[in-house]
Amino acid sequence: MFDNKSILITGGTGSFGKKYTKTLLERYNPKKIIIFSRDELKQFEMQQEFDSDCMRYFIGDVRDKERLNRAMRGVDFVIHAAALKQVPAAEYNPMECIKTNITGAENVIDAALNNEVEKVIALSTDKAANPINLYGATKLASDKLFVAANNISGGHQTTFSVVRYGNVVCSRGSVVPLFQKFIDEGKDHIPITHADMTRFWITLQQGVDFVLKNFERMLGGEIFVPKIPSIRIVDLAKAMAPSLPLKVIGIRPGEKLHEIMCPADLSYDTYEYSDHYVIAPGIKFSSRSNDYTTNALSEKGQAVQPGFEYNSKNNERFLSDSEIKSFNELALK
Numbered sequence: 076m077f078d079n080k081s082i083l084i085t086g087g088t089g090s091f092g093k094k095y096t097k098t099l100l101e102r103y104n105p106k107k108i109i110i111f112s113r114d115e116l117k118q119f120e121m122q123q124e125f126d127s128d129c130m131r132y133f134i135g136d137v138r139d140k141e142r143l144n145r146a147m148r149g150v151d152f153v154i155h156a157a158a159l160k161q162v163p164a165a166e167y168n169p170m171e172c173i174k175t176n177i178t179g180a181e182n183v184i185d186a187a188l189n190n191e192v193e194k195v196i197a198l199s200t201d202k203a204a205n206p207i208n209l210y211g212a213t214k215l216a217s218d219k220l221f222v223a224a225n226n227i228s229g230g231h232q233t234t235f236s237v238v239r240y241g242n243v244v245c246s247r248g249s250v251v252p253l254f255q256k257f258i259d260e261g262k263d264h265i266p267i268t269h270a271d272m273t274r275f276w277i278t279l280q281q282g283v284d285f286v287l288k289n290f291e292r293m294l295g296g297e298i299f300v301p302k303i304p305s306i307r308i309v310d311l312a313k314a315m316a317p318s319l320p321l322k323v324i325g326i327r328p329g330e331k332l333h334e335i336m337c338p339a340d341l342s343y344d345t346y347e348y349s350d351h352y353v354i355a356p357g358i359k360f361s362s363r364s365n366d367y368t369t370n371a372l373s374e375k376g377q378a379v380q381p382g383f384e385y386n387s388k389n390n391e392r393f394l395s396d397s398e399i400k401s402f403n404e405l406a407l408k
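Just so you know, we're using our numbering here: the sequence shown kicks off at 76 and counts up by one.
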């Protein structure tokens with residue numbers, strides 16, 4: 076699907092963008108991979124690792140619509156990964172988060188339409204479901220923009236979908252590198268925010284593979300949610316440092332005790348497939364069907380029960396101690 080195609084990744088120097096680029100280069104023969112991001116140092120460092128002839132590096136910010144327009148010329152597929160993601164930072168700097176996560180999303184949509192991009196997938200987060208923090212609220216707004224973009228595309232060929240998943244093991248700013256830092260520094264305890272906290276858990280490669288597959292599955296307007304395990308933060312800390320005591324330090328500003336990916340309020344729009352869920356758009360599209368029981372790969376889904384909620388606390392599968400260690404090892408590869 077990506078052979079001889081041009082792919083642009085916003086926020087492409089982040090953990091996801093680098094793994095996605097690596098996977099594209101290993102599995103396909105793309106015409107161009109365009110890394111669009113604002114940090115020149117991170118781009119320089121990424122160029123040392125990925126210097127294939129198909130690589131292009133554009134310095135730019137998703138807040139800059141004109142730069143996005145220029146970068147998307149001749150692009151077939153867009154992965155929108157750029158975002159301000161740190162929950163406490165967003166609480167203290169709300170307007171900066173809004174400008175990047177909401178205005179930036181609108182700019183990506185406009186640039187994709189202007190350049191007749193074929194398909195766009197925006198990365199979301201479990202924090203966008205029933206959000207209580209600003210980061211989650213901005214990503215919910217972003218999700219709504221990308222869903223509704225399918226209704227404003229008019230005669231354009233562009234289709235937009237969203238992928239939502241949970242915490243990525245060992246990504247920058249995540250808890251695993253933080254715990255490992257405490258262990259490496261010889262600390263006498265592991266700090267945890269709450270003894271009952273749970274999270275959805277996915278490796279970076281699993282996230283990349285899920286996005287790749289959904290470019291083939293997408294009809295436009297749906298939110299894809301993978302079926303993934305949960306983890307108890309206490310179990311994670313004990314698996315990583317079994318001999319160290321735990322110290323509860325309290326939940327950070329805007330942080331949830333448990334995460335949700337498919338809210339109960341949207342159960343009437345949610346469909347279950349073999350390895351994922353689809354949240355169908357609540358709005359009706361004028362130019363396409365709102366039937367999401369069959370995707371573009373002819374995979375079949377069925378409506379979930381009324382009131383169904385997919386959350387990290389009541390998930391059917393929790394990782395064991397040995398599975399946690401295996402996940403961490405996989406994530407570091």
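Every residue, glycine too, gets a C-beta built ideally from N, C-alpha and C.
Q.
In the DSSP output, which residue or residues are listed as bridge partners for Y385?
A. Within the sequence shown, numbered from 1, the residue matching residue 385 stands at position 310. Partner(s): C337.
Q) Under the three-state reduction of DSSP, which class applies to R145: helix, strand or coil? A) Along the sequence shown, read from residue 1 onward, the residue named residue 145 stands at position 70. Of the three classes helix, strand and coil, the one that applies to R145 here is helix, per DSSP.
Q. What is the C-beta distance between I154 and I196, in whole angstroms, given that I count them as a contact (C-beta under 8 angstroms)?
A. Taking the first residue of the sequence shown as 1, we reach residue 154 at position 79. Taking the first residue of the sequence shown as 1, we reach residue 196 at position 121. The Cβ separation is near 6 angstroms, so the contact holds.
Q: Indicate whether L319 and H264 have their beta-carbon atoms separated by less than 7 angstroms.
A: The residue you call residue 319 lines up with position 244 of the sequence shown. The residue you call residue 264 lines up with position 189 of the sequence shown. In terms of Cβ geometry, L319 and H264 form a close pair [threshold 7 angstroms].
Q.
With the cut-off set at 7 angstroms, would you say K160 and V283 are in Cβ contact?
A. Translated into positions along the sequence shown, residue 160 becomes position 85. Translated into positions along the sequence shown, residue 283 becomes position 208. No. Outside cutoff.
(Q) Taking the alpha-carbon of E384 as reference, which of L341, D271, Y348 and R138 has the nearest alpha-carbon? (A) Position 309 of the sequence shown holds residue 384. Nearest of L341, D271, Y348 and R138 to E384, Cα basis: L341.
Q: Determine the burial state of G211: buried for a count of at least 16 other Cβ atoms within 10 Å of its Cβ, exposed for fewer.
A: If you number the sequence shown from 1, residue 211 lands on position 136. Result: buried.
Q | Segment limits, beta strand (DSSP E) that includes M121 | A | Sequence index remark: in the sequence shown, residue 121 carries index 46 (1-based). Here M121 belongs to no beta strand (DSSP E); instead the alpha helix (DSSP H) covers E115 to E124.
Q. Which residue or residues does DSSP assign as beta-bridge partners of H269?
A. One-based indexing of the sequence shown puts residue 269 at position 194. Per DSSP, none; premise fails for H269.
Q | Span separating the alpha-carbon of F275 from that of F254 | A | The sequence position of residue 275 within the sequence shown is 200, counting from 1. The sequence position of residue 254 within the sequence shown is 179, counting from 1. Rounded to the nearest angstrom, the gap between the Cα atoms of F275 and F254 is 17 angstroms.
Q: Could you name the residues of the same chain whose beta carbon sits closer than 8 angstroms to that of V379, not counting the 5 residues immediately before and after it, in chain order?
A: Residue mapping note: residue 379 aligns to position 304 of the sequence shown, counting from 1. The beta carbon of V379 lies closer than 8 angstroms to those of C337, S342, T345, Y346, E347 and Y352 in the same chain, with the five residues before and after it left out.
Q) In whole angstroms, what separates the C-alpha of V250 from that of S361? A) Residue numbering aside, residue 250 sits at position 175 when the sequence shown is read from its first letter. Residue numbering aside, residue 361 sits at position 286 when the sequence shown is read from its first letter. Roughly 44 angstroms between the two C-alpha positions.
Q. Which two residues bound the contiguous alpha helix (DSSP H) that contains F77?
A. Within the sequence shown, the letter at position 2 stands for residue 77. Where F77 is concerned, there is no enclosing alpha helix (DSSP H), given that its DSSP letter is neither H nor E.
Q) To which residues does DSSP link A197 through a beta bridge? A) By one-based count along the sequence shown, residue 197 stands at place 122. According to DSSP, which records beta bridges pairwise, A197 is partnered with H155 and V237.
**Q.** Burial state of D126 (16 or more Cβ within 10 Å)
**A.** The residue labelled residue 126 in the question sits at position 51 within the sequence shown. Taking a 10 Å sphere around the C-beta of D126, we find fewer than 16 other C-beta atoms and assign the residue as exposed.
Q.
Using DSSP's beta-bridge definition, name the partner residues of N242.
A. For the purposes of this step, residue 242 is taken as the residue at position 167 of the sequence shown. According to the DSSP secondary-structure assignment, N242 is paired through a beta bridge with W276.
(Q) Can you list, in chain order, the residues of its chain with a C-beta nearer than 6 angstroms to that of A216? Leave out the 5 residues immediately preceding and following it. (A) Reading the sequence shown from its first residue, position 141 is the one you call residue 216. Excluding five sequence positions before and after A216, the CB atoms of its chain that fall closer than 6 angstroms to its own CB belong to I177, given in chain order.
Q | Neighbourhood of K388 by C-beta distance below 7 angstroms, restricted to the same chain and skipping five residues each side | A | Here the question's residue 388 lines up with position 313 in the sequence shown. Hits under 7 angstroms: T273 and H333.
**Q.** According to DSSP, residues forming a beta bridge with M130
**A.** Within the sequence shown, the letter at position 55 stands for residue 130. DSSP lists I108 as partners of M130.
Q) For the beta strand (DSSP E) that contains V300, what are its first and last residues? A) Here residue 300 refers to the residue found at position 225 of the sequence shown. Looking at the DSSP string, the run of the beta strand (DSSP E) that includes V300 is I298 to P301.
Q. Which one or two residues does DSSP pair with R307 in a beta bridge?
A. Reading the sequence shown from its first residue, position 232 is the one you call residue 307. Its beta-bridge partners are T273.
Q) By Cβ distance, which residues of its chain are closer than 7 angstroms to L83, with the 5 residues on each side in sequence left out? A) Locating residue 83 in the sequence shown gives position 8, where the first residue counts as 1. Contacts found: I109, F111, A146, M147, V150 and V153.
(Q) If I measure Cβ to Cβ from N104 and keep anything under 6 angstroms in the same chain, skipping five residues before and after, which residues do I get? (A) Start at 1 with the first residue of the sequence shown, and residue 104 comes out as number 29. The beta carbon of N104 is closer than 6 angstroms to those of D78 in its chain, skipping five residues each way along the sequence.
Q. For the candidate residues V183, D201 and K400, whose alpha-carbon lies nearest to that of N386?
A. Locating residue 386 in the sequence shown gives position 311, where the first residue counts as 1. N386 has its Cα closest to that of D201, out of V183, D201 and K400.
Q.
Can you list, in chain order, the residues of its chain with a C-beta nearer than 8 angstroms to that of P206? Leave out the 5 residues immediately preceding and following it.
A. Translated into positions along the sequence shown, residue 206 becomes position 131. Scanning its chain for C-beta atoms nearer than 8 angstroms, with the 5 sequence neighbours on each side dropped, one finds around P206 the residues A212, K214 and L215, in chain order.
Q. Which residue comes first and which comes last in the beta strand (DSSP E) that contains T345?
A. Here residue 345 is taken as the residue at index 270 of the sequence shown, counted from 1. Its beta strand (DSSP E) spans residues T345 to E347.
**Q.** Endpoints, the beta strand (DSSP E) within which A354 is located
**A.** Position 279 of the sequence shown holds residue 354. Looking at the sequence shown, residue 354 is not Ala but Ile. Unbroken beta strand (DSSP E) run through I354: H351 to I354.
Q) What span of residues does the alpha helix (DSSP H) with K256 cover, start to end? A) Locating residue 256 in the sequence shown gives position 181, where the first residue counts as 1. DSSP places K256 inside the alpha helix (DSSP H), whose first and last residues are V250 to D259.
Q. What is the DSSP secondary structure of V323, counted as helix, strand or coil?
A. Here residue 323 refers to the residue found at position 248 when the sequence shown is read from its first residue. In the three-state reduction of the DSSP assignment, V323 falls in the strand class.
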